[in-house]
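Some notes on the structure that comes next.
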Amino acid sequence: MTSWWTRFRELTNDGKCDSPQFRVVARDNGIAIEGRLSDGGDGSIVLPWTAVSQVVAYKRDVYAGDLICLGIELDGQRVVELDETMQGWQEFIEALPVYLAGAMSPEEIFVRLVAEDNPSNNVTVFLREELETQKVVSEISDSHG
42 MTSWWTRFRE LTNDGKCDSP QFRVVARDNG IAIEGRLSDG GDGSIVLPWT
92 AVSQVVAYKR DVYAGDLICL GIELDGQRVV ELDETMQGWQ EFIEALPVYL
142 AGAMSPEEIF VRLVAEDNPS NNVTVFLREE LETQKVVSEI SDSHG
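So the sequence shown is residues 42 to 186, counted in the numbering used here.
Encoded structure:
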């Protein structure tokens, strides 16, 4: 059986969605990315919500302005990039807080990323709680030598 990562790489261009030809949909079982495969057929992949360890919003500088992107870290290992030119983008980011408890709303993402002075150019939209706990424990351990 083909792994979801192998299937995703087949569907996309090695994990990079060529935006307008792909659709992103928030489903009960995960993030669905639908599009045309390299062999010309249609394909889709569902990335399970339980695999999402972190979501970070950031801006990419493109010739005519900024492109809002989401980096979605899966199982703490791989990152999938989605962007605002993808079909279904608005509905998808509106659904993030529904499926990922504690995730920022689209409005909060926009304010923190675009409206506020944000020198880091990125905003953590969601961080799985156990990862945050591990980070705090690690910082405490580091501070005590």
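Beta carbons are placed, not taken as given, at the ideal position from N, Cα and C, and that holds for glycine.
Boundaries (first-last residue) of the beta strand (DSSP E) holding residue i
i: valine 164; result: 163 to 168
Inter-residue Cα distance where the pair is residue i and residue j
i: alanine 156; j: serine 85; result: 34 Å
i: glutamine 128; j: phenylalanine 63; result: 6 Å
i: valine 121; j: arginine 169; result: 16 Å
i: proline 89; j: aspartate 158; result: 33 Å
i: glutamine 131; j: glutamine 118; result: 26 Å
i: aspartate 116; j: leucine 108; result: 25 Å
i: glycine 106; j: leucine 154; result: 14 Å
i: valine 164; j: threonine 126; result: 19 Å
i: glutamate 148; j: aspartate 83; result: 33 Å
i: valine 103; j: alanine 144; result: 26 Å
i: serine 146; j: valine 139; result: 10 Å
i: tryptophan 65; j: isoleucine 72; result: Note that residue 65 is valine in the sequence shown, not tryptophan. If you take the alpha carbons of valine 65 and isoleucine 72, they lie about 7 Å apart.
i: alanine 136; j: asparagine 162; result: 23 Å
i: valine 152; j: isoleucine 74; result: 26 Å
i: alanine 92; j: arginine 77; result: 24 Å
Boundaries of the alpha helix (DSSP H) in which residue i is found, first to last residue
i: alanine 136; result: 130 to 140
Inset, instruction - Let me know the beta strand (DSSP E) ranges lying completely inside the segment 56 to 124, each 3 residues or longer, listed in chain order. - result: 64 to 68, 71 to 77, 83 to 88, 93 to 103, 106 to 115, 119 to 124
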